[in-house]
Amino acid sequence: MSMTTAAHRHARRGLTLIEAVVSLVIISVLVLGLSSSVLLGTYAMPSATDLGVADRQVHDICNLIRSDIANAKSVQSQKTGTSLRLTLSMQAHGALGEGTSVIYELIPDANMIRRRVDARNYETLTTELDGYRIAATADNSQLRYVHLQLSFDSTIQKRFELYILTPYRPEVR
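So the mapping is simple: this note's numbering equals the position in the sequence shown, first residue as 1, plus 1120.
Structure representation (structure tokens):
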């Protein structure tokens, strides 16, 4: 009769220390690779809120242009190549003395809209301009309204249209 002794019994095999360490290293490398690819993916594509910020900035620029043209006393436009310079003479109604000069430059070649007030330095409003169109209607050298289209590929809306009525009928020079 054969008896099994303790020496002949197969004990359950466990993990050795080296096997456990190697397993942890492999899992750590895989998790690190996965998390870094997710991190890179989130930074590679702009989110909707980032694009929404660009739209809000363009809306602010449009509101500034609209306000200045609507309150101008005189408007002068000068086109050079694809660039446009609008010179607006501003003066508070009923105020005496010399008014303020506001200059807008739309430069699609440099993707820029910039603004200058009096003799101060130019302030760059945006460097994302892709193009523009402008049309104006005047009666007897008095501006009635301006239709301005601005194109920005970096925004959700892409094209912004301004219909600017001029209640004070600025003089067109």
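Built from N, CA and C at the ideal position, the CB exists for glycine as well. This structure is a prediction, so every number in the text was calculated from the model and none was measured.
- In the DSSP assignment, S1203 is bridged to T1200.
- In this structure L1268 is buried. Its beta-carbon is surrounded by 16 or more other beta-carbon atoms within 10 angstroms.
- DSSP, reduced to helix, strand and coil, places A1239 outside both helices and strands of the structure shown, so it counts as coil.
- Residues of the same chain with a CB within less than 7 Å of the CB of I1227, apart from the 5 flanking positions on each side, are S1203 in chain order.
- Restricting attention to E1281, R1133, R1293 and L1285, the CA atom closest to the CA of D1175 is found in E1281.
- Here I1138 is exposed, its C-beta having fewer than 16 other C-beta atoms within 10 Å.
- Pairing R1205 with Q1211 gives a Cβ-Cβ distance that is not under 8 Å.
- Nearest Cα to R1279 within the set L1285, L1270 and P1287: L1270.
- The DSSP-derived three-state label of S1274 is coil.
- V1141 and V1149 have their C-alpha atoms some 12 Å from each other.
- The beta carbons of N1231 and D1250 sit about 7 Å from each other, so the pair counts as a contact at 8 Å.
- Counting along the chain, T1220 sits inside no alpha helix (DSSP H); it lies in the beta strand (DSSP E) bounded by residues T1220 to I1227.
- In this model, L1216 and Y1265 are separated by some 26 Å (Cα to Cα).
- Between V1195 and V1292, the C-beta spacing is below 8 Å.
- Each residue's CA atom was taken as its position, placing I1276 and V1145 some 44 Å apart.
- DSSP places G1251 in the strand class (E or B) of the three-state scheme.
- Counting along the chain, the unbroken beta strand (DSSP E) around L1282 starts and ends at R1279 to L1285.
- Around the beta carbon of T1286, 16 or more other beta carbons sit within 10 angstroms, so the residue counts as buried.
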